[in-house]
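Inspection log for the structure reproduced underneath, given as structure tokens.
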Amino acid sequence: MINYGIAILLLPLLSFIIMIFVGKKLPNRGDWLSIGSVAITFCLSLSLFIMMLFKYDPYFKVEKIFTWFNLGTLDLKIGILIDNITIIMLLVVSLVSTLVHIYSTSYMKEDSRYSRYFAFLSLFTFSMNGIILSNNLLGIYIFWELVGLSSYLLIGFWFEKESAANASKKAFLVNRVGDIGMFIGIMLFFSSIGSFLFKDLYLGVSQGMFSVDTLTIAGLCLFAGAVGKSAQFPLHIWLPDAMEGPTPVSALIHAATMVAAGVYLAFRLFPIFTPQALTIIAYVGAITAVFAAIIAITQNDIKKVLAYSTVSQLGYMILAVGVGAYTYGFFHLVTHAAFKAGLFLCSGSVIHAMHHAYHKLDDHKSDAQDMRNMGGLKDKMPVTFYSMLFCTIALSGIPFTSGFLSKDAVLAGTLAFSSQYPNHFLLSLFGFSAALFTAFYMFRLIFLTFYGKPNSKKVFDNIHESPIQMTTPLIILSSLSFFLFFTFPNFNPLSYDGWFMTLVKSKDSLVPGYLNPTAYQIKEEIGQAHNLALFLSLSVAALGIGFAFLIYYSKLISPDSIYRRLKVLHNLSFNKFFIDEILKKYLIDPFLKISKYIAIFDWDVYDKYFINGFGRITENFSKTVGNLWDYKFLDQKIIDGFGRITKFSGSKLRLIQSGKIQNYLILVLVGIIILYVFQAI
Amino acid sequence: MDLNSYLIISAILFSLGLFGVITRRNGVAVLMSIELILNAANINFIAFSRYSGMDFSGHIFSLFVIILAAAEAAVALAIILNIFNNFGSINIDDANKMSQ
Amino acid sequence: MDNIQSINFFIPELILVATIAFCLIIDFFLSKKNSFNVAYVALIGIILSGISLWFSSPLITTSLFLNSIVLDPFSRIFKFIFLISSFITILISLDTSELKNRSLGEYFTLITAMILGLILMTSSVDLIMIYLSIELVSIISFILAGYLRFKMISNEAAIKYVIYGAFSSGLMLYGFSLLYGLTGTTKLFEMNKVLFSHDFSHINLSLIVSFLLIIAGLGYKIAIAPFHFWTPDVYEGSPTPITAFFSVAPKAAGFALMVRFLNSLFGDVNPLNSENWVSIEGVPWQAILLLLSALTMIIGNLIAIQQENVKRLLAYSSIAHAGYILMGIPLLSKDGVFAVVFYIIVYLFMQLGAFYISIIIADKYKTEKIEDYAGIGWQSPFLGILMSLFMFSLTGLPPTAGFIGKFYLFAAVINAGTQYYWIAIVGVLNSVISLYYYMRIVKVMYFNEKNIQNSFVPSQFSILLLLILGIPTIYFGVQWTYIHEWVDSALKFFIPNF
Amino acid sequence: MDFNILSWLIWTPVLGAILIVILPKNRMDLIKWIAVFFTGIQLLLSILLWFNFDNNIQGFQFMEKSPWIPAFNITYMLGVDGLSLPMVGLTALLSFLCVFVSWNIDKAPKGYFSLFLLLDAGMMGVFLSLDFFLFYIFWEVMLLPMYFLIGIWGGPNREYAAIKFFLYTLFGSVLMLIAVLALYFSSGRTFDMIELMSTAPTALSQISWWGFSGVKVVWLLLFIGFAIKVPIFPFHTWLPLAHVEAPTAISVILAGVLLKMGTYGILRINFPMIPDGTVWFAGILAFLALINIIWGGMCALAQTDLKKMVAYSSINHMGYVMLGMSAVVAAGSKYGSNIAAAELGMNGAVLQMFNHGTITAMLFILVGVVYDRAHHRDINGFGGLASKTPIYAAIVALAWFAGLGLPGLSGFISEAMTFLGAFPVYRNIVILSTIGILLNAAYFLTSYQKIFLGKLNEKYKDLPEINRREILILVPLAILVIFLGIYPTPLIDIMKTTMSEIIFRVEASELLVK
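Residue numbers (the numbering used here), protein chains in the order written: chain A, 6 to 686; chain B, 1387 to 1486; chain C, 180 to 677; chain D, 1312 to 1825.
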């Protein structure tokens, strides 16, 4: 079992190493190698998954601990942990990864750095599997940064574009901000426990080694890592920019897997979060969900819409963790991975087609990603259209889809939480309004892209359905949005009971003092809120779709009139609430300016005046002494001064004319007198 | 006369010598002032020797000083002569090429 | 020991006296052109004197000529120093173009005579003898400084020197007379006894005044601030070999005299407790000397930074070195005296070496300006490397002898107690300052390239002489056990009480 | 032992230098190959030493001791332990590689390589000597060749840089000399470091200077001497200048080895010999580390000269070393006897010394590569080079990411260890220091983007790719960076016994008792 884990971890790494060094020289530029390795990974994950289904044990767990190094008294231990969650995550990652690999063989065919692209994908798969398999915080942190690296490399894959280069840097740096928080959290835990293992962490917390305050702070610090990686407010800014990368990359990394790592971490750490921490987490999630959804409404770039949608959905998951419904959050993570990856790949298919059309027309100016340039593509690209439609339905939360089940569960969780703590009613309000906006902007996307009149006839004529390597993954992923895959022995489309909910059991909080409700209590409450949530979520989804239909399909309401009426809101939404600009103006630019001042100070002031000042003082002093030597000072001032004084006293010493040698002699006498005075002191 | 009178005289001589050394421009006059200083010391030696009455080393010392003063004066005068040949003056502050 | 018995222990000095006489006679028969041959007579005399000194027993410690002169290993070391430095100076004088075509008979005679004076300075223990020997050295110095009779600056140097010298010795003499009056004797050891057996607190004013006047006289000899003002003018005006000689030998003698005078006068020198000695109370002579030491280092270095002329730079830096050496005297410990002697030995080689290279370069390129040294390191690697070596050594960087000298000085200061740390810090910081100007010469020689591609190889005579100076500079930096033991054993018999 | 391997390590390059001096000037190739040969032998010897070193023995191994100046109790004493061995290996490796880095030196190669070999010997001597006097001699001897190497073969402002470097370091070392002597006399006249470790802690507390205990005074004097080498703020301004002006190989040596001497000295001398002073100063040390990290990082961020940026990054990275060192006090019962934290900090510090040595060597060599081709180092003057020189860009990316502490590369684990070690004692300082991690990423990524990403600058469309010699120089370093990032155990095993010993000595300080 552990060997499976090690194989899953190392195969992509091997492929990365081979590809980066000799990938170009391999036949077919080596894509088969990457695909092969990730496919084997998938097979291994699948066999693990089947094993899990056969065992059907919610508490199944295998762990292997290694000593990384020893420092005398301290053994630094790391290791691999395989349980149901791991297996499900591994399956999701390897599946999406395999499909994206296949998709990419067509999508990236013409790229000159084809083999490097696959090498980076392998690197990503390796790092992501590493996060999933780690049984300790340090391991997670290491792979956490490594997925950041692969994300950096892939976002900046087309680095000739200035915007891509900027986006990749931004992604890395923003993620690092979160990582620093996470590292501080790790240090807080490690300094008390002396180990990074989850096992020891849980043990330590349950033994009450931490005060509630420390635990809150430490938990929030670790959560900061999740905020960065899962693009939660206010560190969400990198994700929309990350869409500069190739679309399959967006599908794999920035929709399905890497961004979900934050949720995965929160999921792992749930038992040690204190109520205070969880409340903050819930609010962060809720705000992100609704905030990103509002922005998504006004975006015109098809990938940007999906990006903000991802941010919003990640907010949901975090919200679910915050309100205690974290297994449902994880459920949403899995379902969302499938249909969001599907959506991205579909959008990629559209962009690919548009791009080719523009290419054929020799038009290099028009934006192949702008939805306003599309329209009516339904008939030209039927496979893409139906796949995308089904995924959209899932995302909007319509019954018979997986999205409905998971979203409904999360909303039920918020509802239950709000009913328990009525002063936190905003959480469920945010949740439901986000659902409303989601349905609206997703159908806006569908209507703008696939319905209506094409923007340009010429382009429209040149649009073709994508090749089979691209459409197959679309079909697979969209079909995975069917509810039955997740509720298998249970055929009720409105209930989420099934293998998933059986195998993924929530744990009781380990925070001492029973501050948090037990897992059973939460489950009961959510069950009670289920029906209400069902009703509400269906109605908001219908409302959202209805609005979208009215505005963008039947055009009964002109969007412009709404824009005009809600100009301020629209501006805010369209400009992403100016978060980037605010951060740049009030945080980054001042910081850079301070750096510049410090550098100037260091080099031109401190060094030049202070350090060299010692030299200059010495030099000037020596000049002064030298002048003293030349008697500019001594001769003119002191000796002549003596003369003046004596002259003033009226004696006949005016005849005194100090010759040079006499000056020396006077100085000797002065010296003796000074010494006499000195010894007397 | 007691010891103190001699010491006062010698101190006055010493001071006069110092004054002369510092104020005189003429090289020979400077040398003469230096002689005053030496003689002040001589007076001291002899007075101490006479009044302390331990041995004659004070007297001997002053004899040596007289001899050496003569030798020194000889060399100094030779140099001053040289200066006179080169600079055309025996004013010691005229010999001042280096500081310029 | 009476005068006749003393003759037996006075052979090296007598050989020098004979040499002086012989030189004068030989010179009488030589034409002006050939007068330089007197140098060989002088050299032979120095060698003979050195040999007889070498074979004299290093262990004998006695006083000669009715307790006016002592014979001890301490003065023996200095005798060697004077013989070696004058030997080298004579060789340098033979090589330099500055002294070509002049009547040199007297020149070499005077140098030889000066050795005698220097030797007497280090061995005198009687005020009369001290005064006599100082005057002997001074008067000869006046003549040598003005030896280039037709050169204006040489004349100027001589007149300044003579007036300054006479004035200082006048002050010192007055100080001596006061001291004599206080103690009633001219013998140092008897003075010491008197000073320690009587309470001088009621007349400590006269003691202090006499001490200050004497310090002024001695300070002039070793050129410490504020009695150093004559130095640059005299050093610049004198013939360069004489400048080199002045910056080493009379200084060494002055320090030897100072060590002996101050320690035997103010220190309770108990041979049984030979590590640290006790000073008399009432005269803060240690504090004054430390202050002068700090002042001397600072002033010497600061003015040296300014100099554009290598010779002047070396002259000023010799003031700074006097400051370093002075640090070891008021410590009243064997370590301090040891360090002073050690430093003077290594200083002899590096200072003469640096001066000699500047003479070679002045002869070849007709310049003493630092900036004109550009590229010499590439044109003449031998001169460049040796000059760098001397510069490093003068700065006090390992692995050169200069470092070891400084090391012992600082070690003595640190060992003397924490109350002396400040002077050690002043000292080390000054050696950092000195790095700046010494390295400027190295920098110019190597970093500033000139287009002159023709290489320059010094004469074999110069190379040999430079090796004689350079090898000890590096060798004593790496292995100085012998020299350490030599100096150390000499100090075991330092200044016994008679 | 008959074969004095440590002496051979030191004197082999000296032999080479002498041989080169003897050779005629025009045998350029021979001169270089002699340098290769002798540094190669040194490298082999250090590898031999590495494999014969017994990790489990406390104290020093391969000791050599012979009298030198018996009158002053100065001995020629060498030895190696877990602290010096990694430094010896680093020195040998970088010296060997730097001979190849300086392959194209055409101005007076004879002088260059002989001075280079002398420098090599001096560095080796510092790390191997156990006699304090010998240590000091090597410490200073190293300055002389360095002065010439910067001053003659450096960039446009080389004279200023050389003298500044020299003055700065001499200033520090003369203060150190006073401390050396104070130690010598207060501990019964010995320079033997091993003996000093046992006698000095009590001896120093018996002297005082103007009301300050000798412990503090001597600690500070030593510290200033070492701090200038590290360099620790505010003694750091020589570094950017010297690094920028020095030729590439010398920058590599400066940043790779010379800076380590400062921290090596503190660990070798200050920590075990004056534990009281160490405890007294540890907090300030941590604070200075913080300033180094932030100040260096911010200065690096603002640079437009690539080499200067790398130079400032050294200041930043050495801050981590100091942070780790300050963690040593965690072992005391006053801080809860957290020996694990002290171990993490100390091992992390030494590991970081080694890793920074390899990483910064790569950085400087890479800067040298582009400078050789483009003849300038202005970060804003390039653009899009990645599409022109993909291999170079890839290696730079590796080095840059190693520099910014990416997990999987060696910089990460040592930085993390220093943070983890110092955290229990200096929580707030460490939390503030983590900003440094962000700064690292910011300046490395910004410079990388400006140079390699974006549109290709038309000026450089014919820029030649990195050549085979340069790649071969970088490969061993890259392998080390990756290997130690994944598996630091071989290095940690070597140093951990020694580190525990130092921790034990510091822990013995009374100031650490609760």
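Ideal placement from N, C-alpha and C gives every residue a C-beta, glycine not left out.
Where the alpha helix (DSSP H) containing residue i begins and where it ends
i                 : result
Asn1472 (chain B) : 1443-1473
Thr365 (chain C)  : That residue, Thr365 (chain C), is in no alpha helix (DSSP H); it is neither H nor E in DSSP.
Lys234 (chain A)  : 217-234
Arg1738 (chain D) : 1738-1744
Gly1588 (chain D) : 1586-1613
Residue i and residue j closer than 8 Å at C-beta
i                 : j                 : result
Glu415 (chain C)  : Ile332 (chain C)  : yes
Lys1421 (chain D) : Gly1483 (chain D) : no
Gly408 (chain A)  : Ala414 (chain A)  : no
Leu1402 (chain B) : Leu1422 (chain B) : yes
Phe455 (chain A)  : Gly381 (chain A)  : yes
Ile248 (chain C)  : Ile1446 (chain B) : no
Leu1389 (chain D) : Ser1357 (chain D) : no
Leu479 (chain A)  : Ser401 (chain A)  : no
Among the options, the one whose alpha carbon lies nearest that of residue i
i                 : options                                    : result
Ile584 (chain A)  : A:Asp246, A:Gly503, A:Tyr557, A:Lys370     : A:Asp246
Gly1765 (chain D) : A:Ala172, A:Tyr681, A:Leu561, A:Asn536     : A:Ala172
Phe534 (chain C)  : C:Lys585, C:Arg491, C:Phe375, C:Ile662     : C:Arg491
Ser155 (chain A)  : A:Leu142, A:Phe131, A:Ala169               : A:Phe131
Lys82 (chain A)   : A:Thr91, A:Lys114, A:Phe71                 : A:Phe71
Phe1314 (chain D) : D:Ala1538, D:Asn1363, D:Ala1652, D:Glu1556 : D:Asn1363
Endpoints, the beta strand (DSSP E) within which residue i is located
i                 : result
Asn75 (chain A)   : 66-75
Gln1372 (chain D) : 1372-1380
Val1391 (chain D) : 1385-1391
Val249 (chain C)  : 248-250
Leu243 (chain C)  : 241-243
Residues bridged to residue i [DSSP beta-bridge criterion]
i                 : result
Leu86 (chain A)   : A:Glu68
Trp1520 (chain D) : D:Phe1523
Asp1867 (chain D) : Given that chain D is displayed from residue 1312 to residue 1825, the structure contains no residue 1867 (chain D) and the question cannot be resolved.
Lys548 (chain C)  : C:Asn488
Gly676 (chain A)  : Answer is none; Gly676 (chain A) lacks a bridge partner.
Gly446 (chain C)  : C:Ser458
Residues near residue i in its chain [Cβ-Cβ closer than 8 Å; skip 5 each side]
i                 : result
Pro1275 (chain D) : A question about residue 1275 (chain D) goes unanswered here, because the residues of chain D that appear run from 1312 up to 1825.
Leu1677 (chain D) : Tyr1703, Ile1706, Val1707, Ala1710, Leu1785
Cutoff 7 Å; reference residue i; Cβ partners in own chain excluding five residues on either side
i                : result
Asp542 (chain C) : Thr275, Ser276
Residues of its chain near residue i, where Cβ-Cβ distance is below 6 Å and the 5 sequence neighbours each way are ignored
i                : result
Leu573 (chain C) : Met529, Gly581, Tyr617
Phe647 (chain A) : Any reading at Phe647 (chain A) is ruled out, since the residue's pLDDT is 44, under 50, leaving its predicted position unreliable.
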